[in-house]
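These notes concern the structure reproduced below.
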Amino acid sequence: MAEQMETQKRLPSQENLLLDYIHRLEKHKTGRKVVLIHLSKLKPYNRRKQHLRAASYSFEGLIKSLQGQLFQVKNADLFFIYKSEAQAEVETTVRKVRFLFSDDP
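Add 748 to the 1-based position in the sequence shown for the numbering used here, that's all there is to it.
Shown next as structure tokens:
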């Protein structure tokens with residue numbers, strides 16, 4: 749148990765990974781875009797782990813094809829930084845995520 753906690757302390761947070769990624773992209777930012785999905789604004793019943801996982805998994809195809817990188821920060825919001833050539837695919841993915849939570853006001 750103590751070993752697991754020690755490992756968690758050493759792992760960088762998603763916020764730190766996001767900042768690091770942005771700094772590394774500074775020289776290559778041309779042709780990059782970002783989409784922010786405010787999952788933190790969802791009702792609590794829609795912020796269950798399985799719902800958040802489903803939203804993140806929606807971007808898996810884009811990540812595997814090296815079109816972008818996904819970060820989920822502590823408040824559950826998603827940042828997806830992607831190449832502008834993938835704009836149409838990203839819009840489709842965002843629509844899918846919106847549909848997942850369409851019952852949330």
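Glycine is no exception: its CB is placed at the ideal position from the N, C-alpha and C atoms.
{"Query": "Could you give the residue range of the alpha helix (DSSP H) that holds Q835?", "Result": "835 to 848"}
{"Query": "What I want to know is whether the C-beta of Y769 ends up closer than 6 Å to one or more non-hydrogen atoms of the ligand HEM.", "Result": "For the ligand HEM, the structure offers nothing, since it holds no ligand at all."}
{"Query": "F847: buried (16+ other C-beta within 10 angstroms of its C-beta) or exposed?", "Result": "exposed"}
{"Query": "Throw me the rounded Cβ distance for the F828 and V782 pair, which I believe falls under 8 Å.", "Result": "7 Å"}
{"Query": "Hey, how far is the Cα of T778 from the Cα of L767?", "Result": "17 Å"}
{"Query": "In chain order, what residues of the same chain lie with their CB nearer than 7 Å to the CB of R795, ignoring the 5 residues before and after it?", "Result": "L787, A824"}
{"Query": "Let me make sure I understand the geometry here. Which of K789, A803, G816 has the alpha-carbon closest to that of L773?", "Result": "G816"}
{"Query": "Looking at C-alpha atoms only, which residue of R780, P760, F807 is the closest neighbour of R843?", "Result": "F807"}
{"Query": "If L845 and A803 are in contact, beta carbons under 8 Å, what's the gap, nearest whole angstrom?", "Result": "Note on identity: in this sequence residue 845 is Val, with Leu being the wrong assignment. With 8 Å as the limit, V845 and A803 qualify as a contact, their Cβ atoms being about 5 Å apart."}
{"Query": "Going by alpha carbons, who is nearest to L826 out of R780, H776, G809, K789?", "Result": "K789"}
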